[in-house]
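Encoded as structure tokens, the structure appears first; notes follow it.
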Amino acid sequence: MDEHQPFARRIAQFALGLGPMAGREDVRETITRSVVDTVACLVGALDAKSVISAREAALAFEAVPADAAVPRASLAGSDGYATIAAASFVNGIAARYLDYNDIYLSKEAMHPSDNIPMVLALAEGLGRSGADALDAIIRGYEVHCRLADTVSTRKGGWDNVILGAIAAAVAASTLLELDEEALANAIAIAATGNVALMETRVGELSMWKSAACSYAGRAGLFAAMQARHGLTGPALALDGKKGLFAQVTGVADPAHFTLPVERPSLFDVHLKAYPIQYFTQTAIDAALAVRGAAPVAEIERIRVETFEFGRVAAADSPQKWQPRTRETADHSLPYAVAAALLDGKVGEAQFEPARILANDIQSLMALIEVEENPDFTAAYPERVPTRITVSARGGDTHEAQVDFPRGHARNPMSHDEISAKFRDMSPFGGETDALLGEWWRLASLPGAAFAALIRKTLIAA
């Protein structure tokens, strides 16, 4: 690779050169786990208000007749069809809504699986096979993770979904079979038009929290579609004087995009055991470990020590101590700890409006103090440590620390645990195990069978 070429072209060359890595059995198995996990998240969120709103808008403005001779894709929770882009957006919101999908931690924390619904919609619309979809997802994941390894958006007040838009352009371009020139343009278009505001994730959160990543995925898809038909983007969109690195993220290290790949970054993607922001996962495990050591009525103080990124992401404002919405509660470290201590679990029941607003949980949050532990900050992202110390009347204290939550790459969920998560989220009744089995075998499904599986899953949902 030429060290002096535009960075967008370097990423294009890197992505196109990932064929040997993408064909590795261990890589395909890892990505299949994330696909099954993401589909579980998607089908578990179909009655979310944001999903319903997006679905109704898609059917109102971007519906495609079943007999139309144009590419189309299925919408989660509907038997109708829409444009591939509309289906990508709707299904992506569903996959993200529960805050239950995978995550990658580095200079930036992001969810590479946010682009899986886009790939599935495009694969369905084009009639591509399950193996083709896996190849696209793998290339998108690896670019997404390596971008997060070398740049950060949050410190400048920008949302990380811009990295997702670039990765989406790579994944979509794989299915669209773009050459190096067109792929570089797709990356440039995606980067230029999709810098997003971090306001999405601070204070009282709105429905856009679960839509921002899906919107970026749709934008990356759009960039790839346009580049396929000849539209060009700024060659220096990433590394120019007015480009992404100079204006938003800081300078990127080209060494992260060097072939051959010795150890795929996607091996360090983590799954979630609880439907809540990732930096609260170790706090939940620690809270469960001390739960019962002292009656809740006797607790006087709860001290939570975490790392800097965890404090900023999940305990950054007064609203995180008084959440009023699902979106805020599932990004609240105080809420996660209080729910775990009171209920002994953190699942969908803990995000019902009545539970969020209940007096017992609101009162317990008032006793919680969150502080950064410099040693924990130094340990991140290799570890995601949280320590909880509960002080009770009479001077008794009870403490627990957890470094690797269940689902972390160093504490991975098993095949059976991922399957159990799918079953728990499933609206499919007696068809659940049959559909689950097909998703685990998606790499062997030809185009027609894979499209049928996608549609069957979304219609059944």
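Here this note's numbering = 1-based position in the sequence shown + 663. We treat Cβ as the ideally placed atom computed from N, Cα and C, and that holds for glycine.
**Message:** Just to confirm the assignment: which complete beta strand (DSSP E) runs, minimum length 3, are found wholly within the segment 1038 to 1075?
**Reply:** For the segment 1038 to 1075, whole beta strand (DSSP E) runs of length 3 or above, ordered along the chain, are 1049 to 1055, 1060 to 1065.
**Item:** Assigned secondary structure, Leu860 (DSSP; H/G/I helix, E/B strand, else coil)
**Value:** Leu860 falls in the strand class under three-state DSSP.
**Request:** State the start and end residues of the unbroken alpha helix (DSSP H) segment that holds Val975.
**Result:** Per DSSP, Val975 belongs to the alpha helix (DSSP H) from 971 to 977.
**Item:** Of the residues Glu1034, Ile850, Ala915, the one placed nearest Gln889, counting alpha carbons only
**Value:** The option with the nearest alpha carbon to Gln889 is Ile850.
**Prompt:** What is the DSSP secondary structure of Val967, counted as helix, strand or coil?
**Reply:** In the three-state scheme derived from DSSP, where H, G and I count as helix and E and B as strand, Val967 is classed as strand.
**Asked** Mapping DSSP to helix, strand and coil, what is Ser769?
**Response** DSSP places Ser769 in coil when its eight states are reduced to three.
**Asked** For Tyr804, which three-state DSSP category applies?
**Response** Tyr804 carries a helical assignment under DSSP once its states are collapsed to helix, strand and coil.
**Message:** Let me confirm a value: Ala757 is counted as buried when at least 16 other C-beta atoms fall within 10 Å, else exposed. Which label applies?
**Reply:** Under this definition Ala757 is a buried residue.
**Item:** Bridge-paired residues (DSSP) for His933
**Value:** DSSP, once it has assigned bridges, lists Ile766 as partnering His933.
**Item:** Residue range of the unbroken beta strand (DSSP E) whose run includes Glu1035
**Value:** Element bounds for Glu1035: 1031 to 1035.
**Message:** Assuming Tyr878 is part of the alpha helix (DSSP H), what are its boundary residues?
**Reply:** Per DSSP, Tyr878 belongs to the alpha helix (DSSP H) from 871 to 891.
**Asked** Between the segment 741 to 755 and the segment 711 to 718, are three or more C-beta pairs nearer than 8 Å?
**Response** The segment 741 to 755 and the segment 711 to 718 touch, with no fewer than 3 CB-CB distances between them shorter than 8 Å.
**Span of the alpha helix (DSSP H) around Ile852** = Its alpha helix (DSSP H) spans residues 843 to 855.
**Prompt:** When we look at the beta-carbon of Glu771 and count the other beta-carbons within 10 Å, is it buried (16 or more) or exposed?
**Reply:** A residue is called buried when at least 16 other Cβ atoms come within 10 angstroms of its Cβ; Glu771 meets this threshold and is buried.
**Request:** Could you name the residues that DSSP lists as bridge partners for Ala736?
**Result:** Its beta-bridge partners are Ala745.
**Prompt:** When DSSP labels each residue in this structure, what does Trp984 get in the three-state scheme?
**Reply:** DSSP, reduced to helix, strand and coil, places Trp984 outside both helices and strands of the structure shown, so it counts as coil.
**Request:** Identify every residue that forms a DSSP beta bridge with Ile962.
**Result:** Within the DSSP secondary-structure output, Ile962 pairs in a beta bridge with Ala1055.
**Prompt:** What is the DSSP secondary structure of Ala726, reduced to helix, strand or coil?
**Reply:** Secondary structure at Ala726: strand, using DSSP grouped into helix, strand and coil.
**Asked** Using the C-alpha atoms, what's the distance from Tyr760 back to Ala1017?
**Response** Approximately 19 Å, taken between the alpha carbons.
**Asked** First and last residue of the alpha helix (DSSP H) that includes Ser1089?
**Response** Ser1089 -> no alpha helix (DSSP H), and no H or E assigned at all.
**Request:** On a CA-only basis, which of Arg672, Ala685, Ser1082, Ala671 is nearest Pro923? Give me that one, please.
**Result:** Considering only alpha carbons, the answer is Ala685.
**Message:** Let me check understanding here. Comparing Cα to Cα, which of Lys983, Asp1066, Val1065, Ile1051 lies closest to Gln1025?
**Reply:** Among Lys983, Asp1066, Val1065, Ile1051, the Cα nearest to that of Gln1025 belongs to Lys983.
**Asked** Of the residues Ile1019, Glu925, Leu826, Gly790, which one's Cα is nearest the Cα of Leu860?
**Response** Residue Leu826 is the option with its Cα nearest to Leu860.
**Item:** Boundaries (first-last residue) of the alpha helix (DSSP H) holding Ile939
**Value:** It is not in any alpha helix (DSSP H) - Ile939 carries neither H nor E in the DSSP assignment.
**Asked** Considering only the beta carbon of each residue, do Thr813 and Asn823 sit closer than 8 Å?
**Response** The answer is no: Cβ separation not under 8 Å.
**Prompt:** Hey, Pro1048 and Phe942: beta-carbon distance below 8 Å or not?
**Reply:** The Cβ atoms of Pro1048 and Phe942 do not sit closer than 8 Å to each other.
**Request:** Leaving aside the five residues before and after Ala854 along the sequence, list all residues of the same chain whose C-beta is less than 8 Å from its C-beta, in chain order.
**Result:** Contacts found: Ala671, Ile825, Ala828, Ile829, Gly896, Ala900, Leu901, Gly906, Leu907.
**Prompt:** Whole-angstrom Cβ separation of Leu1027 and Val959, contact assumed at under 8 Å?
**Reply:** Between Val959 and Leu1027 the Cβ distance is about 7 Å, and since that is below 8 Å, they are a contact.
**Prompt:** Within 10 angstroms of its Cβ, does Asp1096 collect 16 or more other Cβ (buried), or is it exposed?
**Reply:** So Asp1096 counts as exposed.
**Request:** Drop a sphere of 10 angstroms on the beta-carbon of Ser1107, count the other beta-carbons inside from all chains shown, and report buried for 16 or more, exposed for fewer.
**Result:** So Ser1107 counts as exposed.
**Message:** Contact between the segment 788 to 799 and the segment 834 to 842 is defined here as three or more beta-carbon pairs at a separation below 8 Å; is this criterion met?
**Reply:** Note that the segment 788 to 799 touches the segment 834 to 842; at least 3 beta-carbon pairs, one per stretch, sit closer than 8 Å.
**Asked** Can you check whether the CB of Ser751 is closer than 8 Å to the CB of Met781?
**Response** Their beta carbons are under 8 Å apart, which means Met781 touches Ser751 by this criterion.
**Message:** Could you pull the DSSP bridge partners for Trp821 from this structure?
**Reply:** According to DSSP, Trp821 bridges with Leu860.
**Prompt:** Among Ser713, Val706, Pro1068, Ala748, which has the Cα closest to the Cα of Gly1092?
**Reply:** When only C-alpha atoms are compared, the closest one is Val706.
**Prompt:** Looking at the unbroken alpha helix (DSSP H) that takes in Asp689, where does it start and where does it end?
**Reply:** Where Asp689 is concerned, the enclosing alpha helix (DSSP H) stretches over 688 to 706.
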